[in-house]
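Trainee: I have a structure I would like to understand better, so I am pasting it below and will then ask my questions one at a time.
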Amino acid sequence: AQSVTQLDSQVPVFEEAPVELRCNYSSSVSVYLFWYVQYPNQGLQLLLKYLSGSTLVKGINGFEAEFNKSQTSFHLRKPSVHISDTAEYFCAVSYTGGGNKLTFGTGTQLKVEL
Amino acid sequence: GAVVSQHPSWVICKSGTSVKIECRSLDFQATTMFWYRQFPKQSLMLMATSNEGSKATYEQGVEKDKFLINHASLTLSTLTVTSAHPEDSSFYICSAYSSGETSYNEQFFGPGTRLTVL
Numbered sequence: 005a006q007s008v009t010q011l012d013s014q015v016p017v018f019e020e021a022p023v024e025l026r027c028n029y030s031s032s033v034s035v036y037l038f039w040y041v042q043y044p045n046q047g048l049q050l051l052l053k054y055l056s057g058s059t060l061v062k063g064i065n066g067f068e069a070e071f072n073k074s075q076t077s078f079h080l081r082k083p084s085v086h087i088s089d090t091a092e093y094f095c096a097v098s099y100t101g102g103g104n105k106l107t108f109g110t111g112t113q114l115k116v117e118l
Numbered sequence: 089g090a091v092v093s094q095h096p097s098w099v100i101c102k103s104g105t106s107v108k109i110e111c112r113s114l115d116f117q118a119t120t121m122f123w124y125r126q127f128p129k130q131s132l133m134l135m136a137t138s139n140e141g142s143k144a145t146y147e148q149g150v151e152k153d154k155f156l157i158n159h160a161s162l163t164l165s166t167l168t169v170t171s172a173h174p175e176d177s178s179f180y181i182c183s184a185y186s187s188g189e190t191s192y193n194e195q196f197f198g199p200g201t202r203l204t205v206l
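Just so you know, the sequences run in chain order A and B.
Residue numbers for the first sequence follow my numbering, so the first one is 5 and each next one is one higher.
Residue numbers for the second sequence follow my numbering, so the first one is 89 and each next one is one higher.
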């Protein structure tokens, strides 16, 4: 069985500061990894995904994530956040041959303050 | 990216009534749609997988007789919450994808439907 852990339920950060949102997964098979953002009362928007190849993945809105197989991590980073980045962020995993099913982490609320 | 819509965006109903939520892929044909449920400040929990023209596959613990799913066409799936009760109040989100030749097919998410049962 696969699972996703987001250790930080809330991350407060000042505007223009860097941020890292942590994600760890467990799986006995190869996985695909994703980060989604959710604004209040809205659906999910894909920020970035790792399917294969380069372990450093760049996404939209200046976000990037690095796949670390040995540490089973896929942490999300942004060098300088903006007020508009305030949202809920979900890490998700899908395993190869799993029919595209996604398993989500519990989410991290990023709150950007002035 | 592809667009998925949901209707209604919110609904309030009385306990005991049934509510239908529609999920549509607007600019692509969705061979598969997923239905998720999200409680306040919690993650998304997969309820069922819906394939066009076949019966939905429900996740463990999801009552299939209560949450009826129909995937009648390649652009439409519906979720009907039958005999709704206050504990069914939640945010319901669908996603859709079209199977292709790649090893992974990106899911596109709808904007969600807020259901409140009084």
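Even glycine gets a Cβ: it sits at the ideal position worked out from N, Cα and C.
In the DSSP assignment, what are the bridge partners of residue 167 (chain B)?
Mentor: As a first step, residue 167 (chain B) must be located in the second sequence, where it is residue number 79. DSSP, once it has assigned bridges, lists B:109 and B:157 as partnering residue 167 (chain B).
Trainee: Who are the near neighbours of residue 84 (chain A) in its chain, counting only those whose CB is closer than 6 angstroms to its CB and skipping five residues on each side?
Mentor: Start at 1 with the first residue of the first sequence, and residue 84 (chain A) comes out as number 80. So the list reads 20, once near-sequence residues are dropped.
Trainee: At the level of alpha carbons, what is the spacing between residue 109 (chain B) and residue 166 (chain B)?
Mentor: Along the second sequence, one-based indexing puts residue 109 (chain B) at 21. Along the second sequence, one-based indexing puts residue 166 (chain B) at 78. Whole-angstrom Cα-Cα distance: 6 angstroms.
Trainee: What does the Cβ neighbour count give for residue 159 (chain B), buried or exposed, with the cut at 16 atoms within 10 Å?
Mentor: Along the second sequence, one-based indexing puts residue 159 (chain B) at 71. Burial call: buried.
Trainee: Please confirm whether residue 72 (chain A) has its beta-carbon closer than 8 angstroms to some beta-carbon of chain B.
Mentor: Here residue 72 (chain A) refers to the residue found at position 68 when the first sequence is read from its first residue. Residue 72 (chain A) does not count as touching chain B.
Trainee: Name the residue from A:6, A:34, A:45 and A:11 whose alpha carbon lies nearest to the alpha carbon of residue 199 (chain B).
Mentor: For the purposes of this step, residue 199 (chain B) is taken as the residue at position 111 of the second sequence. Of A:6, A:34, A:45 and A:11, the residue nearest in Cα terms is A:45.
Trainee: With burial defined as no fewer than 16 other Cβ atoms inside 10 Å of the residue's Cβ, what is the status of residue 60 (chain A): buried or exposed?
Mentor: By one-based count along the first sequence, residue 60 (chain A) stands at place 56. Per the 10 Å Cβ criterion, exposed.
Trainee: Grouping DSSP H, G and I as helix and E and B as strand, with all else coil, what is residue 28 (chain A)?
Mentor: Within the first sequence, the letter at position 24 stands for residue 28 (chain A). It is a strand residue.
Trainee: Which partner residues does residue 146 (chain B) have in the DSSP bridge list?
Mentor: Counted from its first residue, the second sequence places residue 146 (chain B) at position 58. The partner list for residue 146 (chain B) (beta bridge, DSSP) reads B:136.
Trainee: Suppose you measure from the CA of residue 134 (chain B) to the CA of residue 177 (chain B); what does that come to, to the nearest Å?
Mentor: To locate residue 134 (chain B), count along the second sequence from 1; it is residue 46. To locate residue 177 (chain B), count along the second sequence from 1; it is residue 89. Near 16 angstroms, if we compare the C-alpha coordinates of residue 177 (chain B) and residue 134 (chain B).
Trainee: What are the boundary residues of the beta strand (DSSP E) that residue 181 (chain B) is part of?
Mentor: In the second sequence, residue 181 (chain B) corresponds to position 93, counting from 1. From DSSP, the beta strand (DSSP E) with residue 181 (chain B) extends over 178 to 185.
Trainee: Check the Cβ-Cβ distances between residue 149 (chain B) and every residue of chain A, and say whether any is below 8 angstroms.
Mentor: Translated into the one-based positions of the second sequence, residue 149 (chain B) becomes position 61. Closer than 8 angstroms: no.
Trainee: If we define contact as Cβ-Cβ less than 8 angstroms, is residue 78 (chain A) a contact residue for chain B?
Mentor: Reading the first sequence from its first residue, position 74 is the one you call residue 78 (chain A). Judged by the 8 angstroms Cβ criterion, residue 78 (chain A) is not in contact with chain B.
Trainee: For residue 110 (chain B) and chain A, any beta-carbon pair shorter than 8 angstroms?
Mentor: Taking the second sequence and counting its residues from 1, one reaches residue 110 (chain B) at position 22. Not closer than 8 angstroms to any Cβ of chain A, the Cβ of residue 110 (chain B) fails to qualify, so no.
Trainee: Whole angstroms are fine: how far does the CA of residue 137 (chain B) sit from the CA of residue 150 (chain B)?
Mentor: By 1-based counting over the second sequence, the position of residue 150 (chain B) is 62. By 1-based counting over the second sequence, the position of residue 137 (chain B) is 49. Each residue's alpha carbon lies about 12 angstroms from the other.
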